[in-house]
Amino acid sequence: MPSALYRPHGFAVNGYSMNKEPWSNKNADVCIRCATCMAICPVSRVTPLFPGPKQAGPGAERFRRPDDPPVDQWIDLCIGCHLCDMVCSSGVNISELNLIAKTKYLDEKGRPFRDWILSQIHLFSWFGSLFSHVANRLLRSPIIKWMLDSLFSIDRRRELPLYQSPTFRQWFRGNPTKGNRKIAYFYGCYTNTNEVDVGKATVQVLEANDFEVFLPPQRCCGIPMLSNGDFEGARRLGLWNIPPLLHTIRSGSDIVFSSTSCGHMIKHEYSHLLSIPGAEEVAKHLFDIFDFLRNLKENDGLNTKFKALSLKTAYFAPCHLRSLGIGLPAFEILRLIPGLQVDPIDADCCGLGGTFGFKKEKYEISQEIGKDLAEAIDGLKPEIVLSDCEGCRMQIRHLTGLKVLHPIQILRDALIFSKTE
Amino acid sequence: MHYDIIIIGMGLSGLMAAKTAVEMGKKVLIVGKGVGSLSLFSNTIDVLGSISNKMTLIDILSQWIKDHPKHPYAKVGLREMDQALSSFTSLFPPPYSFQTIGDGNWLIPTGVGTLRPTYLIPSTMVPGSSLKEGNGLIIGFKGFKDFYASWVAQQLKCRGFTLSLRDVFRQEITATALSRLIEKKGFRERMGREIRKHLKAETCVGLPALLGMNDPCSAKKDLEELIGAQVFEIPVLPPSIPGMRMFNRFKIWLIQRGVTFLLGYSVSKAILEKRRCEGIEVLHPPISTSYSSDRYILATGRFIGGGLKANEEKIFEPIFNLPVFQPKSREEWFQKSFLSDSPHPIHQAGILTDPSFRAVDEKGEWILENVWIAGSILSHHHWVDEKSREGIEITTGYMAAKQALKYEARGAGHAV
Chain F
-4 MPSALYRPHG FAVNGYSMNK EPWSNKNADV CIRCATCMAI CPVSRVTPLF PGPKQAGPGA
56 ERFRRPDDPP VDQWIDLCIG CHLCDMVCSS GVNISELNLI AKTKYLDEKG RPFRDWILSQ
116 IHLFSWFGSL FSHVANRLLR SPIIKWMLDS LFSIDRRREL PLYQSPTFRQ WFRGNPTKGN
176 RKIAYFYGCY TNTNEVDVGK ATVQVLEAND FEVFLPPQRC CGIPMLSNGD FEGARRLGLW
236 NIPPLLHTIR SGSDIVFSST SCGHMIKHEY SHLLSIPGAE EVAKHLFDIF DFLRNLKEND
296 GLNTKFKALS LKTAYFAPCH LRSLGIGLPA FEILRLIPGL QVDPIDADCC GLGGTFGFKK
356 EKYEISQEIG KDLAEAIDGL KPEIVLSDCE GCRMQIRHLT GLKVLHPIQI LRDALIFSKT
416 E
Chain R
-12 MHYDIIIIGM GLSGLMAAKT AVEMGKKVLI VGKGVGSLSL FSNTIDVLGS ISNKMTLIDI
48 LSQWIKDHPK HPYAKVGLRE MDQALSSFTS LFPPPYSFQT IGDGNWLIPT GVGTLRPTYL
108 IPSTMVPGSS LKEGNGLIIG FKGFKDFYAS WVAQQLKCRG FTLSLRDVFR QEITATALSR
168 LIEKKGFRER MGREIRKHLK AETCVGLPAL LGMNDPCSAK KDLEELIGAQ VFEIPVLPPS
228 IPGMRMFNRF KIWLIQRGVT FLLGYSVSKA ILEKRRCEGI EVLHPPISTS YSSDRYILAT
288 GRFIGGGLKA NEEKIFEPIF NLPVFQPKSR EEWFQKSFLS DSPHPIHQAG ILTDPSFRAV
348 DEKGEWILEN VWIAGSILSH HHWVDEKSRE GIEITTGYMA AKQALKYEAR GAGHAV
């Protein structure tokens, strides 16, 4: 029996007791081997290479000792969707056990340079946006994709996200908002340089609800690093991000986010996994944009002067949204728009897993998982698919070729007359 | 956030309570630590399997209720039991529907080769009810370790055969992976052809219950055409694919109707004031979110999920700290032998309620006037011996919601 959980670079890790509360780190022992996690794991459903959460998490944990070499060659196949955590009635924090084991494995075996590139995309983003015409041509070029595939094992079949210019920040500087109350917005790297309209829509909806939006100083939230097992890198970003956010909330403003992955990272992982001081306090005032709007509605403060939108859409709940534990607030708000048909999609994980699906050795797994989602979408025949996570949006476009938007863009279209770009 | 009703527990009783409340137009929150026991059990619906199948269930139950006045069924009543079961079956329209055979209990094969009585059977398992000595071929898959066809067949006095298919050969395959393969036409065709080669005079073919998560009836129909015999599913070890079908069906149905569906979070605190629950807190570190309602349903199950907890001396209920009806001492929890003919007294432990499904003390007074109890956490049933689990879950979940929604808060101390 391992006497201590491997602590990557000295981080304290809190597990959950049977009541899903913070507890000490012997959590693998409460696993009763009921196999419910096996029923939900998207990776073990499509490949025999991954033994499944029961074996990979609490099962293998009993063999992991801090000084022994790792036996987890398959551990990086855990996509980090957290679905196993959610269905476990015993409260085992399986995906966290996997992440820590993966970090140890990579610490010892060495990390591929490719993983570093994929987790540092935010460093190139401003450059990509500045020279977006050239950058996009390169990103689309089959020769460049072949090179990335051969040199760095970034699968050439994956469409690489294109850059937009001007960035969201640049647009925001030229379009200040007016309102009676102030609110901060954590927009996330992808919104800034690759999907600017999501940021615009968020700001426009907030302004339509009488908020003056401001952007606190912010950098990449660090989730690409964390999911690639780079706790140090993620922590550095967290230590940079929290102080301005702390200052924001102490001055009396709440903070909203439109990317469920960034939000989940800051709201939950910064505090208990990365032990960033001040993160707990920030978390109490940090909200998913639709959770925030839903709270406004509860207090009769939501602008519901929606014009009718006659559209047939389908809504996909991202894994990180489910693990925020707030239900499906976007779905609840969209149902208020007259004429809009929103069908919830009966599928669990899109299969992209952030950087997971870009990696050559994982591309096919990613696509197999995505096939189940594509089938579920096909059954509904929507004109547009809606999802709060940029990763899911990329994957759904890649799988189906359909138009995919963030639900905030549809909400903006119902409130204001500017069309989605 | 405020709701008309908050349901704690996402097993079959919690889900039925949520369905019942939604159908009455209410704003519902259902919070569950996990998916409940649906992923563990076979998910045929047992109502009272311990009584022989010579009578109709209605007749059996009329007498049973008279003989067991403290049993949950006695509190529900025959008419409401019928309505509850109809409400359940209406959630599963054809082709994947739940059927009775002759209005009574019927025997179907299990994953260990025995025959088990049950009442409502999904259409993919129905042909198994006509399995007789010699008329069935039981098929397993090499690499799928949760079902041993030759052994099961031997128990059932039929022939058994284990398929080696190239996708599965030499590897281990999980239930979900195999179920997913069966949903693919190419794999099904190869599988069907292989089975047909081995079929002799048998009229039905039994497979582990893996005909797919999403459309098992199409898979069944396809295989029947390829094989030339009836195909039926046999429930196997967890994870239960039929159980997940049931959970997914409830989940999507409830979400489509606007239920706030919080899977994966437990209630860390109940806020009690005098004899009322005023709210619950759900902890997702570091955030604790509060939810309030005038009505709560406790449907947290028994020991596996932590609805009831036991230390060395006592059994207790961790959320509301309700008193648990239980044997007087630890020594009396179990019979001397594991497979004793008499039920183990611990299984009768649970929350004692009045006919309105609210927990009562020794004087028969409500402990909390706005909390209703549903499902296997109730006292005075022996579901293992009675073979009554799903029936108790469905009927008490339905009834607790109906009772809860009659309640109007009129200020402290006054209750309907």
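These protein sequence lines are chains F and R, in that order.
Anchor point for the first sequence: position 309 equals 304 in the working numbering, and the numbering is continuous, going up by one each time.
Anchor point for the second sequence: position 349 equals 336 in the working numbering, and the numbering is continuous, going up by one each time.
Think of the CB as a built atom: it goes at the ideal place given N, C-alpha and C, for glycine as much as any other residue.
Around residue 330 (chain F), the beta-carbon contacts reaching into chain R at under 9 Å are 245. For the 8 Å CB-CB criterion, residue 79 (chain F) and residue 35 (chain F) form a contact. Neighbours of residue 235 (chain R) across chain F, judged by C-beta separation under 8 Å: 341.
At a Cβ-Cβ threshold of 8 Å, residue 158 (chain F) and residue 123 (chain F) count as neighbours.
Shown here, residue 355 (chain R) sits in coil according to DSSP, grouped into three states, outside any helix or strand.
Taking C-alpha positions only, residue 66 (chain F) is separated from residue 98 (chain F) by approximately 13 Å. With respect to the 8 Å criterion, residue 45 (chain F) and residue 73 (chain F) are classified as neighbours on the basis of their beta carbons. In its chain, beyond the 5 residues on either side, 200 have a beta carbon closer than 6 Å to the beta carbon of residue 406 (chain F). In this model, residue 187 (chain R) and residue 119 (chain R) are separated by some 15 Å (Cα to Cα).
Annotation note: the region 305 to 355 of chain F contains the following uninterrupted alpha helix (DSSP H) runs of length 4 or greater, listed N- to C-terminal: 314 to 317 and 324 to 329. Chain-ordered, the chain R residues with CB closer than 8 Å to the CB of residue 80 (chain F) read 251. In this structure residue 54 (chain R) is exposed. Its beta-carbon is surrounded by fewer than 16 other beta-carbon atoms within 10 angstroms. For residue 193 (chain R), the uninterrupted beta strand (DSSP E) run begins and ends at 191 to 195, by DSSP.
Residue 255 (chain F) is a Cβ neighbour of residue 383 (chain F), given a cutoff of 8 Å. Between the alpha carbons of residue 42 (chain R) and residue 375 (chain R) lies a distance of about 16 Å.
Within chain F, no residue has its CB atom less than 9 Å from the CB of residue 15 (chain R), the nearest being about 11 Å off.
Under the 8 Å criterion on CB atoms, residue 271 (chain R) is classed as interfacial with respect to chain F.
Of the candidates R:-12, R:6 and R:18, the residue whose Cα lies closest to the Cα of residue 250 (chain R) is R:18. Every unbroken stretch of the alpha helix (DSSP H) spanning 4 or more residues and falling wholly within the region 182 to 230 of chain F is given here in chain order: 184 to 188, 191 to 203 and 218 to 222.
Taking 8 Å as the threshold, the shortest C-beta distance from residue 311 (chain R) to chain F does not fall below it. Between residue 274 (chain R) and residue 262 (chain F) the beta-carbon gap is near 7 Å, inside 8 Å, which marks them as a contact. Burial check for residue 207 (chain R): the Cβ neighbour count within 10 Å reaches 16 or more, so the residue is buried. Every unbroken stretch of the beta strand (DSSP E) spanning 3 or more residues and falling wholly within the region 244 to 277 of chain R is given here in chain order: 247 to 250, 254 to 260 and 263 to 271. A residue is called buried once 16 or more other Cβ atoms fall within 10 Å of its Cβ, and residue 62 (chain R) is buried on that count. Judged by beta-carbon spacing, residue 81 (chain R) lies beyond the 8 Å limit of residue 29 (chain F), meaning their Cβ atoms are not closer than that value.
Not flagged as an interface residue toward chain R: residue 202 (chain F), since no C-beta distance is shorter than 8 Å.
In the three-state scheme derived from DSSP, where H, G and I count as helix and E and B as strand, residue 161 (chain F) is classed as coil.
Residues of the region 142 to 163 of chain R with a Cβ closer than 9 Å to any Cβ of chain F, in chain order: 155, 158, 159, 160, 161, 162 and 163.
DSSP assignment within the region 59 to 98 of chain R yields the following whole alpha helix (DSSP H) runs of 4 residues or more, N-terminal first: 59 to 63 and 65 to 77. With a cut-off of 8 Å on Cβ pairs, the region 226 to 244 of chain F is not in contact with the region 284 to 301 of chain F, counting fewer than three such pairs. Taking a beta-carbon distance threshold of 8 Å, residue 21 (chain R) counts as an interface residue toward chain F. Within chain F, not a single residue places a beta-carbon under 9 Å from that of residue 78 (chain R); the smallest gap is close to 14 Å.
A contact between stretches requires three or more CB pairs, one per stretch, nearer than 8 Å, and the region 6 to 17 of chain R fails this requirement with the region 299 to 313 of chain R. Under DSSP, residue 358 (chain F) shares a beta bridge with no residue. A contact is defined here as three or more CB-CB pairs under 8 Å, and the region 85 to 93 of chain F meets this definition with respect to the region 52 to 72 of chain F.
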